[in-house]
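Enquirer: Dumping the structure here so I can ask a few things about it.
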Amino acid sequence: MGKLNFFVRRTAQLVVTLWAVATALFMLFRLMPGDPTSYIVSPQMTPEVRQRIIESYGLNDPLWVQYLRYIENLATLDLGRSFNTNSEVSEILATYLPNTLVLMLSAFVLAYAVGVTLGVLTGWYRGSRFEKSTVVTALVGRSIPSFWVGILVIWVFGATFGVIPLSGMTSIGTEPEGFVDMVTSLDFLHHLVAPMLVLAFYYMGYPLLIMRNSMLETLSEDFIDICRAKGLSERAIMFRHAARNAMLPVLTAAAIAVGFAIGGSVLIETVFGWPGIGREMIRAVMRRDYPVAQGTFLVLALSVVLMNFVADLLYGVLDPRVTYE
1 MGKLNFFVRR
11 TAQLVVTLWA
21 VATALFMLFR
31 LMPGDPTSYI
41 VSPQMTPEVR
51 QRIIESYGLN
61 DPLWVQYLRY
71 IENLATLDLG
81 RSFNTNSEVS
91 EILATYLPNT
101 LVLMLSAFVL
111 AYAVGVTLGV
121 LTGWYRGSRF
131 EKSTVVTALV
141 GRSIPSFWVG
151 ILVIWVFGAT
161 FGVIPLSGMT
171 SIGTEPEGFV
181 DMVTSLDFLH
191 HLVAPMLVLA
201 FYYMGYPLLI
211 MRNSMLETLS
221 EDFIDICRAK
231 GLSERAIMFR
241 HAARNAMLPV
251 LTAAAIAVGF
261 AIGGSVLIET
271 VFGWPGIGRE
281 MIRAVMRRDY
291 PVAQGTFLVL
301 ALSVVLMNFV
311 ADLLYGVLDP
321 RVTYE
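Next comes the structure, spelled out in structure tokens:
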């Protein structure tokens, strides 16, 4: 019964949090300076046509009416239409979200594979030069803005040496038959390498430091001495016993990190010209395209809130010592 109550309570908190985020986004974009109708109404239009277009988007209604319509539409998963293209926001998200997920997930998997491995080694070889240099590198990677590293990579390896594309996801003139055909092509992988490595360098420090600290705690446990007394090799103790028991904090933190990683790719997409929801969100804000901007922000907020929810549930599943009161 305790687990059921916890699940219901966390689900209610998730719904309330999303409602608060949606309300804040609604007010934020309408308090921004500028007129959103300037992008959908031409000065050459007659007053009657201009008024008809404004009424079709409901921009002439009182703010509270717009808010109620906005919440009602969200409840039915209707994100509205773009002011700029008149396309469904859901269609726009369906077009750009897979591009963001490919970039983010590839960088995330690489970062955690390398970060966890280095975290195990730095915890095992505590006090060595390897540990000190690795920790410093991880801290530098987490401290330097990722967009600055991206600009530097483009300048050195793109503009100077010409070994990476300057922007985009595919080369000009390339026409893949579908999404799967595109992401499996060498041209796509050529464009993916640079932004993926920049993001992975930034993400890597988080699992590395968590795994190192968890390894240090695990290595002080009595069962490590028992493993040595049994005559097990140092490699077996390090990976099969110490690392496996130290993985719990990393796994639960990974769920939260996934949510933030989706939002963290916004700047990288802008720098590398990657056609994802991050770059589309920036464009929508610049154009004051309320529906698209709100839709992209909601997707990013949902990813963070939902993965926090998953992390809470995952911790109880992985650690039997956790109880729900």
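Just so we're aligned: 72 in full-length UniProt numbering is position 72 of the sequence shown, and the numbers increase by one with no gaps anywhere.
Backbone N, C-alpha and C fix where the C-beta goes; we use that ideal spot for every residue, glycine too.
Tell me whether glutamate 88 sits in a helix, a strand or coil according to DSSP, three-state version.
Expert: Working through the sequence shown from its first residue, we reach residue 88 at position 88. Under the three-state reduction of DSSP, glutamate 88 is assigned to strand.
Enquirer: Alpha carbon to alpha carbon, what distance is there between tyrosine 315 and methionine 1?
Expert: Within the sequence shown, residue 1 is the residue found at index 1, counting from 1. Within the sequence shown, residue 315 is the residue found at index 315, counting from 1. Because the pLDDT at methionine 1 is just 48, under 50, the model does not fix this residue reliably, and the point stays unresolved.
Enquirer: Would you report the Cα separation of glutamate 88 and alanine 94, rounded to the nearest angstrom?
Expert: Mapped onto the sequence shown, residue 88 falls at position 88. Mapped onto the sequence shown, residue 94 falls at position 94. Using only the alpha carbons, I get a separation of about 10 Å.
Enquirer: Per DSSP, which one or two residues make a beta bridge with arginine 81?
Expert: Within the sequence shown, numbered from 1, the residue matching residue 81 stands at position 81. According to DSSP, arginine 81 bridges with Glu88.
Enquirer: Taking the C-alpha atoms as reference points, what is the distance between proline 98 and aspartate 312?
Expert: By 1-based counting over the sequence shown, the position of residue 98 is 98. By 1-based counting over the sequence shown, the position of residue 312 is 312. Answer to the nearest angstrom: the Cα atoms are 26 Å apart.
Enquirer: Does DSSP put methionine 1 in a helix, a strand or coil?
Expert: Residue numbering aside, residue 1 sits at position 1 when the sequence shown is read from its first letter. Low confidence applies here, because methionine 1 scores a pLDDT of 48, under 50, leaving its location unreliable and the question unanswered by this model.
Enquirer: The alpha helix (DSSP H) that contains isoleucine 226, what's its start and end?
Expert: Taking the sequence shown and counting its residues from 1, the one referred to as residue 226 is at position 226. In this chain, the alpha helix (DSSP H) harbouring isoleucine 226 covers 222-229.
Enquirer: Could you have a look at valine 116 and say whether DSSP puts it in helix, strand or coil?
Expert: Position 116 of the sequence shown, counting from 1, holds the residue named residue 116. DSSP, read as helix, strand or coil, puts valine 116 in helix.
Enquirer: With a 10 Å radius around its C-beta and 16 neighbouring C-beta atoms as the bar for buried, classify tryptophan 124 as buried or exposed.
Expert: As a first step, residue 124 is located in the sequence shown; it is residue number 124 there, counting from the start. With 16 or more other Cβ atoms within 10 Å, it is buried.
Enquirer: Quick check: what's the CA-CA separation for isoleucine 71 versus glutamine 294?
Expert: Walking along the sequence shown from the start, residue 71 turns up at place 71. Walking along the sequence shown from the start, residue 294 turns up at place 294. Rounded to whole angstroms, isoleucine 71 to glutamine 294 spans 12 Å at the Cα level.
Enquirer: Taking 8 Å as the cut-off, decide whether the C-beta atoms of phenylalanine 147 and isoleucine 268 are in contact.
Expert: Locating residue 147 in the sequence shown gives position 147, where the first residue counts as 1. Locating residue 268 in the sequence shown gives position 268, where the first residue counts as 1. Yes, they are a contact pair.
Enquirer: Under a Cβ-count criterion, where at least 16 other Cβ atoms within 10 Å of its own Cβ denotes burial, should aspartate 225 be classed as buried or exposed?
Expert: The residue you call residue 225 lines up with position 225 of the sequence shown. By the 10 Å Cβ count, aspartate 225 comes out exposed.
Enquirer: Label valine 16 either buried or exposed according to how many other C-beta atoms from any shown protein chain fall within 10 Å of its C-beta, with 16 as the threshold for buried.
Expert: Locating residue 16 in the sequence shown gives position 16, counting from the first residue. With fewer than 16 other Cβ atoms within 10 Å, it is exposed.
Enquirer: Ignoring anything shorter than 4 residues or poking outside the segment 140-210, list the alpha helix (DSSP H) runs there in chain order.
Expert: 146-153 and 179-183
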